[in-house]
Every structure is written in C-alpha cells, then in structure tokens.
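A.B. asks: Using this note's numbering, the letters of the sequence shown map in sequence onto residues 794 to 1260. The beta-carbon is built from N, C-alpha and C at its ideal position, and this holds for glycine as well.
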Amino acid sequence: MKTRKGYKVYPLTVAQSFHNYYLEFSPGKEILNVGTSLTIEFELNIDALRAAIYKAYERCESMRARLVYDSKEEKWYQYIVEKEEREIDFVDFSGKSMEEADAQMTAWTRIPFDKEDEPMNKITIIKLPDGYEGMFIVGDHRFLDAQSLIGFMKDVIELYCNDQFEGVPYPADMRSYIEQLEKDLAYEAGSKAQARDREYFYKQIEESEPIYNGVSGPGKLEEARAATGNPNLRAAPTGSDSFESAIDIFHLEEEPTMRLMSFCEAHHVSLQCLLIMGIRTYLQKVNNCDDVSVMVAYARRATLLEKKSGGTRIHSMPFRTIIPENRTFLEGIFEIRDKQNETFRYVNFNPVEYLGYRGQYYKTPAGMSYEAVSLTYQPATLKEKGLTNLGDIKYKTKRYCNGYYSDGMYLTVMHRPEDNGLDFSFEHQIKAYSKQELEYFYYYICKIMFKGIENPDLTIGEIIKLV
C-alpha cells in the first residue's frame, strides 16, 4: 500500500506499534483512549474558540491522522488528511452537577476510535457547572501523548487569545509530523544508530537478571516461586487477570512541591531522578532488596522538531539500579542521574524488542516480569511562556479514565495548573491494587523524598529506618 485516498501512507513507528502490542490482549479498544479537559474561568466566545480549534488542526498534522489496515500485508498504515471539516459540538453542563459532567466526559473517553479512515480524536467545547469554559479532547494514544496534547491545547489558547485580545502575538508555527515520522522510520530501518542502541541494551540485559520488588513487599514473588516450584525465580505477575482500571489521584501542595524543586535545582538533578529515588528506596525498604527496577517513560522530545511535531513519542524502558544502603541519599540521586543521562542516549530503541529479548534470555514465565511500577514525570505544563498574557485568569485540567489498563500500576506525576503543586495520578488495575495501597505507597514516596532532601548526607539505610 503506497497511497490511500490520494494521500501517501506510512508504517506505524515503534512508539505507535507498542500500543498495538497491548491492545491485542485488552477486552476493549478504548484502552488506547486519552481523555482530558481544559477549562478557563472566563466567558469564551464559542465561535471564536471553534475557529481557533480548526486553525490548530490546520497547524498540527498529527491531529489530522487516519489509520488504515492492509489485509494482504497484515499491517497498519497511517496518513494525514489535508483538512479537518467535521463538526465541533458545544455541550453546556450548566444546571448539572460536576459529578454528572465528569461522568459524561468519562463516557466520551470510553468510545474507541476503531474505524479505518476516520479521525483519531474528537474535541467538544464545554461549559461546566462551576462556570469554567473550554474544551474536552479525547484521542487515540497512537497519535497523542501528554506532551503533544499539552502542545495542541496551548496552541488553541494562543490562537484564541491572538484573535480576541489586543497585543497577544500569533503563536510560532508547529513542526511537521511527517518530517519527524520519516526520521523515525529511517532509524528503525536498520540504521547504525539502531545497531548501537541494540548493542547497549542487549549487553545490559545479559549482565544479570533483575528481580521483582512488590509494592507491598515480597509476597507476590514468593507466591510465584511457590506456584512454579522454582525457589530461585526472580520474576512475578505485575498485574491481575482483569484489565478493569481506575485512576486515583493524590495531591501534594505547592509549598512542599517547591521544596522538592529547589533541592533539584540546587543539586542539578531532575525531579524525575528524585521521584525514582523515592520509589526505589521505598521498594528497597519493603522488600529488603538493593536491586530495584522500575519502568520509566521517556518522552523523546529533545529537538524542536520532536517537541512541536505532535504524535506519540513515548518509549517505556526498564530502569534498574543496585544501590546499597550504606550509600548516602545524595550519592544515590547522583547515581540515578548519571544512569538516566546515559540511558537517554539510547532510548530510541524498540521497547518491545527489549522486553522480548530479556524474556527469552532469562526464560521468564509468561505473564511475569520484574517491574511493579511504571513512572511518567510530566514537567511540561500550560503555565509557560506564551500564556502569561492570560493574566490572572484561572484554568484547570482533568484526566478521565478509559476503563482499562494493561498492567498493574502506572504512576503519572504532573504539575497542577492552578498552583504548580504536584498531582500523583495512579492508573491501576482495580484487582491489582486498592486505593488504600496506593495512598500508602504515595505517602511513603513523599516521606522518603522529604527526609532525603532535608538530610541528603544520611545513608539510605538510615533514611529507611527513620521513615
């Protein structure tokens, strides 16, 4: 297949195909949906907002994407249409409760994009019961991730403000999704860079086998060892037998968030490194094990083209550290930073190939793995240069659950727009983890991080005893 409806078609990238990988096992295709609302405490001109959305569609190729399946090749392809002309509805929730509005947007999030040659996202203009107005976006994860979603919403707001208010500049152009897509496909077609990355990760895999550390201790690993009759088994089931999921969110206030950020700035480390340190130290504590692995999502948006071309670019890779308890908290942070910086250079590599090779190399039993937790830290917010012209107008964002998740737990940490505090958003299989377990986990992650930044020269073992 070379063209579809006059448009050139392209294969899916590794980042897109990863979503197809777990889609095969899901009871519902809505597992790929990402639903978010952005609303502003301001009376908007609905026609002008609709015009800004259409203009943002024109400027962002990935939001005009379509999927098509070649039955002869048994392969998915994608193409970009020239223009979006579909209706953008307005729904007024005035007179309803916030719970009813949230329930409706959750229902919208659970409608899959499962038709060929159809749009892979839908936008609805909304007015909420509390008077906030804005838009709800639901999109297929194969064409949308957190950073591209933020970039698109930011573009809509800037286009609207440029049209409605004097002195607000027209936003800088977006970048070409197709240009970046061609770069990604060239890498994946047997490039030298791909061979270098494969060598790096294969060598890492072959050094030694990781070990599973459970969020509530070693119980799951012990059960897996008993079930398989293998007392030396190092893997365990990371999820449950049900994909049914929920999202539970815990809020860290602005002032303590600023203390974490100040520590990171003073020691030239990212908040992602500090979060990994908090998570792995907790797992080290409850499992009495220095060897800890977590899944970490890498956004792969270093260049301007990568940052502004939209689409989905996340590669989730295992991140393993073996940090003994006699190291100081600060030494542990620096070790994580250095290894993160090294890993960044190779993360264009295919995560599915990584996991497949590791499972084959260690003969990991089907349905088992080594990472109980997946982490995404989302530093990008709408509270950036370009939205300062909104003055003191308040705005808020909210995520909605699509109903399914393919693994046990996915922690997304992001900044709240209203005060820049942190939201710890746990998407999890309901049968794998209760809200109480997650609240306990969140509490100890924070307790370890704050004890560590207040006493960075204490050893990890001392901090574990203190918390």
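Taking buried to mean at least 16 other C-beta atoms within 10 Å of its own C-beta, is R879 buried or exposed?
C.D. replies: Its Cβ having fewer than 16 others within 10 Å, R879 is exposed.
A.B. asks: Identify whether I971 lies in helix, strand or coil by the three-state DSSP scheme.
C.D. replies: helix
A.B. asks: My understanding is that I1238 touches I1072, with C-beta atoms under 8 Å, so please give their C-beta distance in whole angstroms.
C.D. replies: 6 Å
A.B. asks: Can you pull the DSSP bridge partners for G828?
C.D. replies: V931 and Y1193
A.B. asks: Could you spell out the range, first to last residue, of the alpha helix (DSSP H) harbouring E1099?
C.D. replies: L1097 to K1101
A.B. asks: DSSP puts L1067 in a beta bridge; with which residues?
C.D. replies: According to DSSP, L1067 bridges with nothing at all.
A.B. asks: Rounded to whole angstroms, what is the Cα-Cα separation between N1195 and D1250?
C.D. replies: About 43 Å.
A.B. asks: Please list, in chain order, all residues of the same chain as A808 whose beta carbon is under 7 Å from its beta carbon, the five residues on each side excluded.
C.D. replies: T1105, R1106, I1107 and H1108
A.B. asks: In chain order, what residues of the same chain lie with their CB nearer than 6 Å to the CB of P1024, ignoring the 5 residues before and after it?
C.D. replies: R1018
A.B. asks: Going by beta-carbon coordinates alone, are K980 and A986 separated by less than 8 Å?
C.D. replies: Correcting the residue type first, residue 980 is Tyr in the shown sequence and not Lys. It is a contact, given that the beta carbons lie within the stated cut-off.
A.B. asks: Closest by CA to R965, which one among D933, S1102 and Q1171?
C.D. replies: A small correction: the amino acid at residue 965 is Ala; Arg does not occupy that position in the sequence shown. Among D933, S1102 and Q1171, the Cα nearest to that of A965 belongs to S1102.
A.B. asks: How is K868 classed by DSSP in three states: helix, strand or coil?
C.D. replies: strand
A.B. asks: Using the C-alpha atoms, what's the distance from L1098 back to K1178?
C.D. replies: Reliability of the predicted coordinates at K1178 is poor, the pLDDT of 45 falling under 50, and no value is obtained from them.
A.B. asks: Quick check on the DSSP output: the alpha helix (DSSP H) that includes I950 runs from which residue to which?
C.D. replies: A939 to Q957
A.B. asks: Please name the residue or residues paired with R859 in a DSSP beta bridge.
C.D. replies: Y872
A.B. asks: In terms of residues, what are the limits of the beta strand (DSSP E) holding P1111?
C.D. replies: H1108 to I1115
A.B. asks: Grab the span of the alpha helix (DSSP H) containing E1247 for me, first residue to last.
C.D. replies: K1228 to E1247
A.B. asks: Less than 8 Å separating the beta-carbons of D923 and M891?
C.D. replies: In this structure, M891 lies closer than 8 Å to D923 by Cβ.
A.B. asks: Quick check on the DSSP output: the alpha helix (DSSP H) that includes Y1139 runs from which residue to which?
C.D. replies: Run containing Y1139: none; DSSP gives neither H nor E here.
A.B. asks: Can you tell me whether DSSP reads G1104 as helix, strand or coil?
C.D. replies: strand
A.B. asks: Between T902, E867 and I918, which has its C-alpha nearest I846's C-alpha?
C.D. replies: I918
A.B. asks: Any contact of the stretch 1003-1018 with the stretch 1076-1086, i.e. 3+ C-beta pairs under 8 Å?
C.D. replies: Verdict: yes, contact present.
A.B. asks: Got a sec, what are the start and stop residues for the alpha helix (DSSP H) T917 sits in?
C.D. replies: No alpha helix (DSSP H) holds T917; the beta strand (DSSP E) holding it covers N914 to K920.
A.B. asks: Could you pull the DSSP bridge partners for L1045 from this structure?
C.D. replies: L1045 pairs with L1215.
A.B. asks: What are the boundary residues of the alpha helix (DSSP H) that F994 is part of?
C.D. replies: K985 to E1000
A.B. asks: N826 and P912 look like a contact to me (Cβ under 8 Å); what is the Cβ gap, rounded to whole Å?
C.D. replies: Between P912 and N826 the Cβ distance is about 13 Å, and since that is not below 8 Å, they are no contact.
A.B. asks: State the Cα-Cα distance for the pair V1260 and K1240, rounded to the nearest angstrom.
C.D. replies: 7 Å
A.B. asks: Within its chain, find whatever has a CB closer than 6 Å to the CB of I1115; leave out the 5 residues flanking it on each side and keep chain order.
C.D. replies: D1083 and D1084
A.B. asks: Give every residue of the same chain whose Cβ lies closer than 7 Å to the Cβ of R857, excluding the five residues on either side of it in the sequence, and list them in chain order.
C.D. replies: Listed in chain order, the non-local C-beta contacts of R857 below 7 Å within the same chain comprise Y850, I873, V874 and E877, local neighbours out to five positions each way being set aside.
A.B. asks: Please classify H1061 as buried or exposed, where buried requires at least 16 neighbouring CB atoms within 10 angstroms.
C.D. replies: Exposed is the call here.
A.B. asks: Between V861 and T902, is the Cβ-Cβ spacing less than 8 Å?
C.D. replies: no
A.B. asks: Go to Y1198, then tell me how far its alpha helix (DSSP H) extends in each direction, as first and last residue.
C.D. replies: Note, Y1198: premise wrong, no alpha helix (DSSP H); not H, not E.
A.B. asks: Which partner residues does D907 have in the DSSP bridge list?
C.D. replies: According to DSSP, which records beta bridges pairwise, D907 is partnered with nothing at all.
A.B. asks: Take every Cβ of the stretch 1132-1139, pair it with every Cβ of the stretch 1154-1161, and state whether three or more of those distances are shorter than 8 Å.
C.D. replies: no
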